[in-house]
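In our numbering, the protein residues as written are 5 to 291.
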Ligand code: NAP
């Protein structure tokens with residue numbers, strides 16, 4: 005791909021950003037579709053966040069992704085929020101249009117699309133482990149899928165309780181529990197989502213649940229994608245449950261962001277191949 009005076013910019017901002025595979029995903033799709041756009045990543049210290057966002061606006065970028073720890077902090081720097089970002093109160097994708105920064109949350113779509121392929125009927129109680137940004141996206145995705153009962157289990161229970169306060173409404177029953185009690189609730193859940201880094205490399209021997217705590221007729225989605233088969237997914241398989249790894253939501257959120265920036269559909273087969281190669285390389289680099 006030739007970079008020239010008309011090349012436009014998309015990027016990722018966060019702190020850290022080193023392990024993100026978004027540059028590989030989006031650049032491969034821009035190249036495949038012959039778009040004159042490059043995707044870079046920028047590690048921004050929090051004291052520079054405002055200036056960085058103003059700079060991106062002045063530079064007339066196509067848009068950008070936002071990752072840890074700025075998915076909530078970015079909101080006050082944007083001009084408009086779409087309905088999913090408003091509902092989630094977290095933003096992972098920004099589009100610059102007519103000099104306005106518009107915030108979206110494509111993690112919601114990523115999680116929703118991943119669960120829609122489930123072989124199980126999506127009803128009954130859902131359990132989300134974690135109460136951070138990914139957990140917020142999971143709540144909204146589950147709500148959009150028609151789930152009526154959600155339990156949030158978190159290490160610091162007050163954060164789970166805060167999420168319940170934000171999202172609890174007439175047609176959605178929610179409860180917060182501590183991570184220590186998680187097994188009691190998982191045994192009666194039909195959907196289980198891990199939205200914490202538990203089990204992520206280099207602590208891949210950890211799992212929030214063992215097979216005894218996972219119903220055989222449940223669907224278990226682990227948002228961790230490094231390794232692809234986490235200890236939790238091994239335990240879920242042992243229990244006979246359906247398992248979905250973190251790559252599907254990762255790819256689907258990228259697809260949705262790409263569509264928002266370009267109005268075009270990126271090639272999913274290429275994204276899958278690039279993601280799998282990048283993750284293999286990541287493991288090798290870190291060893
Ligand atoms: P976050 O906002 O920082 O929240 C982290 C959550 O994990 C909090 O609930 C935190 O509990 C919990 N946690 C962290 N370390 C823990 C530990 N050692 N033991 C128990 N709980 C722990 O992060 P996030 O954005 O929600 O991301 C969470 C995970 O999802 C990450 O692994 C991220 O890579 C993954 N993710 C994947 C996708 C995807 O598309 N596959 C998308 C988004 C995120 P406390 O509140 O008690 O600190």
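Idealized CB from N, CA, C, for every residue including glycine.
Quantities reported herein were computed from a predicted structural model and do not represent experimental measurements.
Give me the Cα-Cα distance between residue i and residue j, rounded to the nearest whole angstrom.
{"i": "residue 254", "j": "residue 111", "result": "8 Å"}
{"i": "residue 109", "j": "residue 246", "result": "26 Å"}
{"i": "residue 33", "j": "residue 264", "result": "14 Å"}
{"i": "residue 291", "j": "residue 285", "result": "Residue placement at residue 291 cannot be trusted, given a pLDDT of 44 that sits under 50; the coordinates are not used to answer."}
{"i": "residue 217", "j": "residue 6", "result": "53 Å"}
{"i": "residue 54", "j": "residue 179", "result": "35 Å"}
{"i": "residue 155", "j": "residue 70", "result": "27 Å"}
{"i": "residue 279", "j": "residue 251", "result": "8 Å"}
{"i": "residue 212", "j": "residue 220", "result": "17 Å"}
{"i": "residue 171", "j": "residue 143", "result": "8 Å"}
{"i": "residue 81", "j": "residue 138", "result": "21 Å"}
{"i": "residue 187", "j": "residue 181", "result": "11 Å"}
{"i": "residue 232", "j": "residue 56", "result": "33 Å"}
{"i": "residue 281", "j": "residue 84", "result": "36 Å"}
Give the secondary structure of residue i by DSSP, where H, G and I count as helix, E and B as strand, and everything else as coil.
{"i": "residue 226", "result": "strand"}
{"i": "residue 291", "result": "Residue confidence is low: residue 291 scores 44 on pLDDT, short of 50, so the model does not pin down where it sits. Its coordinate-derived value is still stated next. The answer is coil: DSSP assigns residue 291 none of H, G, I, E or B."}
{"i": "residue 213", "result": "coil"}
{"i": "residue 189", "result": "helix"}
{"i": "residue 247", "result": "strand"}
{"i": "residue 177", "result": "strand"}
{"i": "residue 114", "result": "helix"}
{"i": "residue 161", "result": "helix"}
{"i": "residue 94", "result": "coil"}
{"i": "residue 7", "result": "coil"}
{"i": "residue 51", "result": "helix"}
{"i": "residue 14", "result": "strand"}
{"i": "residue 100", "result": "strand"}
{"i": "residue 21", "result": "coil"}
{"i": "residue 42", "result": "strand"}
{"i": "residue 128", "result": "coil"}
{"i": "residue 63", "result": "coil"}
{"i": "residue 283", "result": "helix"}
Under 8 Å between the Cβ atoms of residue i and residue j?
{"i": "residue 199", "j": "residue 132", "result": "yes"}
{"i": "residue 222", "j": "residue 194", "result": "yes"}
{"i": "residue 248", "j": "residue 118", "result": "yes"}
{"i": "residue 67", "j": "residue 95", "result": "no"}
{"i": "residue 225", "j": "residue 197", "result": "yes"}
{"i": "residue 13", "j": "residue 24", "result": "no"}
{"i": "residue 262", "j": "residue 36", "result": "no"}
{"i": "residue 38", "j": "residue 79", "result": "no"}
{"i": "residue 208", "j": "residue 234", "result": "yes"}
{"i": "residue 259", "j": "residue 272", "result": "yes"}
{"i": "residue 166", "j": "residue 157", "result": "no"}
Using the beta-carbon count (16 or more within 10 Å), is residue i buried or exposed?
{"i": "residue 204", "result": "buried"}
{"i": "residue 184", "result": "exposed"}
{"i": "residue 123", "result": "exposed"}
{"i": "residue 129", "result": "buried"}
{"i": "residue 115", "result": "buried"}
{"i": "residue 269", "result": "exposed"}
{"i": "residue 50", "result": "exposed"}
{"i": "residue 4", "result": "The chain is shown from 5 up to 291; residue 4 falls before or after that span and cannot be answered."}
{"i": "residue 146", "result": "buried"}
{"i": "residue 18", "result": "buried"}
{"i": "residue 40", "result": "exposed"}
{"i": "residue 103", "result": "exposed"}
{"i": "residue 60", "result": "buried"}
{"i": "residue 43", "result": "buried"}
{"i": "residue 230", "result": "buried"}
Less than 8 Å between CB atoms is the rule here; does residue i satisfy it with respect to chain C?
{"i": "residue 20", "result": "Given the protein chain composition of this structure (a single chain), no chain C is represented."}
Would you say residue i touches ligand 2, meaning its beta carbon is less than 7 Å from a heavy atom?
{"i": "residue 28", "result": "In the structure shown, ligand 2 is absent; the only ligands present are ligand 1."}
Compute the beta-carbon to beta-carbon distance between residue i and residue j, rounded to the nearest angstrom, for a pair I have assumed lies under 8 Å.
{"i": "residue 58", "j": "residue 257", "result": "Contact flag wrong, Cβ pair sits at about 25 Å."}
{"i": "residue 93", "j": "residue 159", "result": "Contact flag wrong, Cβ pair sits at about 21 Å."}
{"i": "residue 177", "j": "residue 153", "result": "5 Å"}
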